[in-house]
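Just below is one structure, and these are the notes that go with it.
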Amino acid sequence: MGKLPPSMRSAKLPLSLLKSTSSGSSPSPSSTSTPHFHFRTQKPKSKPKPKPKPNTSNPNLSTPNPFSSPCLSSAISTSTSLLSLPSPPSPNSLLQSFCLAGATSPDAISFLTHLSTSSSFTPDKSTFHNLLAHSCLSPSQDISPILKVFDLMSKFNHPPDAASLDLSVRALCSSPNSPRLDDACSLILKSPVKPDEFTYNFLIRRLAKDRPVSSVNHFIEQLRSKLSVHPNLITYTILIDAVCRTANLREATRLLTVLSDNGFKPDAYVYNTIMKGHCMLDDCAGVMDVYNKMKDEGVEPDLVTYNTLLFGLSKAGMMPQAKRILKAMTESGHFPNVVTYTSLMNGMCRRGEAMEARALLTVMEERGCTPNECTYNTLVMGLCKAQYLDEAIELYQLMVSKGMKMDGPTYASLVRTLCRAGRISDAYQVFDFVIESKSLPEVSAYTDLENSIKWVQKRKA
Numbered sequence: 001m002g003k004l005p006p007s008m009r010s011a012k013l014p015l016s017l018l019k020s021t022s023s024g025s026s027p028s029p030s031s032t033s034t035p036h037f038h039f040r041t042q043k044p045k046s047k048p049k050p051k052p053k054p055n056t057s058n059p060n061l062s063t064p065n066p067f068s069s070p071c072l073s074s075a076i077s078t079s080t081s082l083l084s085l086p087s088p089p090s091p092n093s094l095l096q097s098f099c100l101a102g103a104t105s106p107d108a109i110s111f112l113t114h115l116s117t118s119s120s121f122t123p124d125k126s127t128f129h130n131l132l133a134h135s136c137l138s139p140s141q142d143i144s145p146i147l148k149v150f151d152l153m154s155k156f157n158h159p160p161d162a163a164s165l166d167l168s169v170r171a172l173c174s175s176p177n178s179p180r181l182d183d184a185c186s187l188i189l190k191s192p193v194k195p196d197e198f199t200y201n202f203l204i205r206r207l208a209k210d211r212p213v214s215s216v217n218h219f220i221e222q223l224r225s226k227l228s229v230h231p232n233l234i235t236y237t238i239l240i241d242a243v244c245r246t247a248n249l250r251e252a253t254r255l256l257t258v259l260s261d262n263g264f265k266p267d268a269y270v271y272n273t274i275m276k277g278h279c280m281l282d283d284c285a286g287v288m289d290v291y292n293k294m295k296d297e298g299v300e301p302d303l304v305t306y307n308t309l310l311f312g313l314s315k316a317g318m319m320p321q322a323k324r325i326l327k328a329m330t331e332s333g334h335f336p337n338v339v340t341y342t343s344l345m346n347g348m349c350r351r352g353e354a355m356e357a358r359a360l361l362t363v364m365e366e367r368g369c370t371p372n373e374c375t376y377n378t379l380v381m382g383l384c385k386a387q388y389l390d391e392a393i394e395l396y397q398l399m400v401s402k403g404m405k406m407d408g409p410t411y412a413s414l415v416r417t418l419c420r421a422g423r424i425s426d427a428y429q430v431f432d433f434v435i436e437s438k439s440l441p442e443v444s445a446y447t448d449l450e451n452s453i454k455w456v457q458k459r460k461a
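Okay, here's the thing in structure tokens:
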């Protein structure tokens, strides 16, 4: 969401709905009340999707491959015949067809060498890039064909550039059998051209996703010492994000120091990433420490910063602190969005303030913020745990009418509350809904329902 207009920045955000309601005014739980709602399990009808039209523009679908096998000698003979026709196909299309026929990388290179003997054909950059892609996508764990194509490019006055290396690295990382990350690293170290920052950070991101951070750091040092290619702010951000995802906050703190020592200033994204890591560990003190350090360094918190803080504080049930952050958020000109409201509702429900969270839903909608599936799931589960069954069913009905899905914990909480209230037939209808809406696997949904029914039967025995 955007920021508040200047005229509204000084206005205080109404927080009356965030204050605890007195016991005398709180609505009584509805677990003993009679059913007031008729369950609907049918999803809203949607318009049938138009059938896709057949693609007639793709030459691979409209024109048969002239090569019936990946045999090099047969392909040379066939291409000689085709190029002698009055309207011969382009040599580039012949090369691509031979690659699609299953040719090996060495045979494809030999075929290109044969085609280049024709006086009417001079390979261009796209020719070699097609050949590079084919060499990278082969199952062979060998980069020599790629380096051979690089040599051919120089021979034909089209020396490889950063784009050629980028294409090769990305193709290796998207190999259909399995990503060839080791080959991508070897190629960069042996390539006649240096990677640009886009290729460099692309590969670092892929390595950080699949490899230990020590392995990634070793590769970074190799590039630094052998190619004089140095990490930048994006590189350090990728590394910090990777270690925070594994809750290795000690390494994240070390990387933050390394980042600063190398002349880079952490931005809001870096601090937000570390905050999320502390939230994963329910470390609210750590979240606040990062927030305070961020302000001390003169980095302006953004909407993600405030939402991360509110999420962590609300998750821990620290609503007074969350309210102070919400006030600071609005005073700085950031308008609360669906993430903000849902985090606050989650915190209220954890403290047993389910009806106050329900009231916040009305405030949210009045301010033009549309609740999502997560919002409704949070409220339904919170209302069920607080034994406000009728209110939970009302929101469940809205979820059904809006075509939303129910998550596992919310479903389990709702059917358990229904069964304990003696409304087993309604619980079965909720079961039908989650199956029809494909919210949950049938086995999982039935297990939760069965366990709730068994609990009721055991209590009656």
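Under UniProt numbering, the letters of the sequence shown match residues 1 to 461, in that order.
Ideal Cβ placement from N, Cα and C applies to all residues, glycine included.
Note that the coordinates shown come from a computational prediction; the quantities given were computed from them, not determined experimentally.
CB-CB length for residue i against residue j, believed under 8 Å
i: Asn-201; j: Thr-235; result: 6 Å
i: Leu-82; j: Pro-88; result: 6 Å
i: Leu-100; j: Leu-132; result: Actually they do not touch by this definition, with Cβ atoms about 15 Å apart.
i: Val-229; j: Pro-195; result: 7 Å
i: Tyr-271; j: Met-294; result: 4 Å
i: Leu-249; j: Gly-277; result: 5 Å
i: Cys-136; j: Ala-171; result: 3 Å
i: Leu-418; j: Val-430; result: 7 Å
i: Val-290; j: Glu-251; result: Not really, about 15 Å apart at Cβ, beyond 8 Å.
Proximity of residue i and residue j at Cβ, strictly below 9 Å
i: Asn-346; j: Gly-382; result: yes
i: Val-380; j: Leu-414; result: yes
i: Val-169; j: Thr-127; result: no
i: Arg-206; j: Leu-181; result: yes
i: Arg-423; j: Trp-455; result: no
i: Asp-107; j: Pro-70; result: yes
i: Val-338; j: Thr-375; result: yes
i: Lys-405; j: Ser-444; result: no
i: Ala-386; j: Gly-408; result: no
i: Phe-150; j: Ser-191; result: yes
i: Leu-147; j: Leu-187; result: yes
i: Pro-160; j: Ser-118; result: no
i: Gly-312; j: Cys-349; result: no
i: Thr-447; j: Thr-410; result: no
i: His-129; j: Ser-105; result: no
i: Lys-209; j: Ala-242; result: yes
i: Ala-354; j: Tyr-388; result: yes
i: Val-193; j: Leu-152; result: no
i: Phe-67; j: Ser-97; result: yes
i: Thr-273; j: Leu-310; result: no
i: Ser-401; j: Ala-427; result: no
i: Leu-239; j: Asn-217; result: yes
i: Ala-162; j: Cys-173; result: no
i: Cys-384; j: Pro-336; result: no
Check: residue i C-beta below 8 Å from any heavy atom of the ligand GTP
i: Lys-458; result: Here there are no bound small molecules, and the ligand GTP is not part of this structure.
Are at least three pairs of beta-carbons, each pair with one atom in the region 351-363 and one in the region 325-337, less than 8 Å apart? Too few Cβ pairs lie closer than 8 Å, so no.
Report yes or no: do three or more beta-carbon pairs, one from the region 155-166 and one from the region 102-114, lie closer than 8 Å? Touching, no.
Report the start-end ranges of each alpha helix (DSSP H) in the region 385-429 that is 4 residues or longer and not cut off at the edges. The region 385-429 contains these whole alpha helix (DSSP H) runs: 389-401, 408-420.
Under 8 Å, with one C-beta from each stretch per pair, do the region 279-286 and the region 297-307 reach the 3-pair mark? The region 279-286, when compared against the region 297-307, does not touch it at the 8 Å Cβ threshold.
Examine the Cβ distances between the region 222-229 and the region 254-263 and report whether three or more of them are shorter than 8 Å. They do not touch, by the three-pair rule.
Which full runs of the alpha helix (DSSP H) of 4+ residues lie inside the region 185-251, going along the chain? Counting only runs of 4 or more, we get 197-210, 213-227, 233-245.
Fully enclosed by the region 113-149, which alpha helix (DSSP H) runs are 4 residues long or longer? Counting only runs of 4+ residues, the alpha helix (DSSP H) found wholly inside the region 113-149 occupies 125-137, in chain order.
Ignoring anything shorter than 4 residues or poking outside the region 78-118, list the alpha helix (DSSP H) runs there in chain order. Within the region 78-118, the complete alpha helix (DSSP H) segments at least 4 residues long are 91-100, 105-115, listed from N- to C-terminus.
Segments of 4+ residues assigned as alpha helix (DSSP H) that fall wholly inside the region 268-334: Counting whole runs of 4 or more residues, the region 268-334 contains the alpha helix (DSSP H) stretches 268-280, 284-296, 303-315, 319-331.
Alpha helix (DSSP H) runs wholly inside the region 354-385, at least 4 long, in chain order: Runs of the alpha helix (DSSP H) inside the region 354-385: 354-366, 373-385.
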